[in-house]
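Residue numbers (this note's numbering): 133 to 359.
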């Protein structure tokens, strides 16, 4: 019963924090004049309306991610140290990216921009990495199927985002052919697809925590000595 309440508490915290983060960033997209197809999320730190909302949204998702880790631990999901470390790196990367905004010509800050860039790289690599480390401990379980399904989606989204980001950088460097490619594979769209994939993966991990705890509780009930 104690574990069940623990998982429930972590689950509610995770859902509330992630939902609030998504709500905030959705409102920001509505009120800001940025183009969600071609502008990265980082560019929303400099906006005509909704300043500060991006950082608050990302921090909220980071808190929700830590709550997902808490639910996995409370639910008894088999995890290695690497899984826990990568989930914490994902949350830490988000938090650091929220605190240190990207650097733009309108508001140049190269040091903050570099910190933001590398923390985002760490975050985007860490969550899929955490899911990969769960595959072996979950081998032979129904939960593994959910992880594999959404991990494939997440890796595909991250790959598209990486390619589109490279196109933008090469376009900024003045390489002519890549300007057309930034139109074909817009970085804003691929980054938002990656965000959706990451949130979906977090929700899958949360579901695994609940299902694992429920299964453990059922085993305890059936194995308990009858009077």
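For every residue, glycine included, the Cβ atom is placed at its ideal position computed from N, Cα and C.
8 Å Cβ cutoff met for residue i and residue j
| i | j | result |
| --- | --- | --- |
| residue 364 | residue 160 | Examination of residue 364 is not possible in this model, given that the chain is present from 133 through 359 alone. |
| residue 219 | residue 197 | yes |
| residue 225 | residue 244 | no |
| residue 341 | residue 204 | yes |
| residue 316 | residue 206 | no |
| residue 283 | residue 322 | no |
| residue 344 | residue 208 | yes |
| residue 319 | residue 172 | yes |
| residue 256 | residue 326 | yes |
| residue 201 | residue 157 | no |
| residue 199 | residue 149 | yes |
| residue 299 | residue 313 | yes |
DSSP bridge partner residues for residue i (one or two, in chain order)
| i | result |
| --- | --- |
| residue 236 | 239 |
Host alpha helix (DSSP H) of residue i (start-end)
| i | result |
| --- | --- |
| residue 303 | 274-304 |
| residue 208 | Residue 208 -> no alpha helix (DSSP H), and no H or E assigned at all. |
| residue 225 | 213-231 |
| residue 268 | Looking at the DSSP string, residue 268 is not in any alpha helix (DSSP H), and its letter there is neither H nor E. |
| residue 311 | 309-316 |
Cutoff 6 Å; reference residue i; Cβ partners in own chain excluding five residues on either side
| i | result |
| --- | --- |
| residue 234 | 174, 245 and 248 |
| residue 356 | In this prediction, residue 356 has a pLDDT of 48, which is less than 50 and means its spatial position is unreliable; what the coordinates show is noted afterwards. Counting only Cβ-Cβ distances below 6 Å, and skipping sequence neighbours, we find nothing. |
| residue 363 | Shown here, the chain extends from 133 to 359; a query on residue 363 therefore has no answer. |
| residue 228 | 251 |
Cβ-based neighbour list, residue i, same chain, cut-off 7 Å, excluding 5 preceding and 5 following
| i | result |
| --- | --- |
| residue 134 | The pLDDT assigned to residue 134 is 45, lower than 50, so where the model puts this residue is not dependable, and the model offers no usable value. |
| residue 163 | 181 and 182 |
| residue 265 | 212, 214, 215 and 218 |
- [ ] Check whether the stretch 149-169 touches the stretch 180-192, taking contact to mean three or more Cβ pairs, one atom from each stretch, closer than 8 Å.
- [x] They touch, by the three-pair rule.
Open item on the list: Between the stretch 328-339 and the stretch 272-282, can you find at least three pairs of beta-carbon atoms closer than 8 Å?
Closed with: As far as the Cβ criterion goes, the stretch 272-282 touches the stretch 328-339, which means the pair count is three or higher.
- [ ] Decide if the stretch 259-272 is in contact with the stretch 228-244; the criterion is three or more beta carbon pairs, one per stretch, under 8 Å apart.
- [x] The stretch 259-272 makes no contact with the stretch 228-244; the number of CB pairs closer than 8 Å stays below 3.
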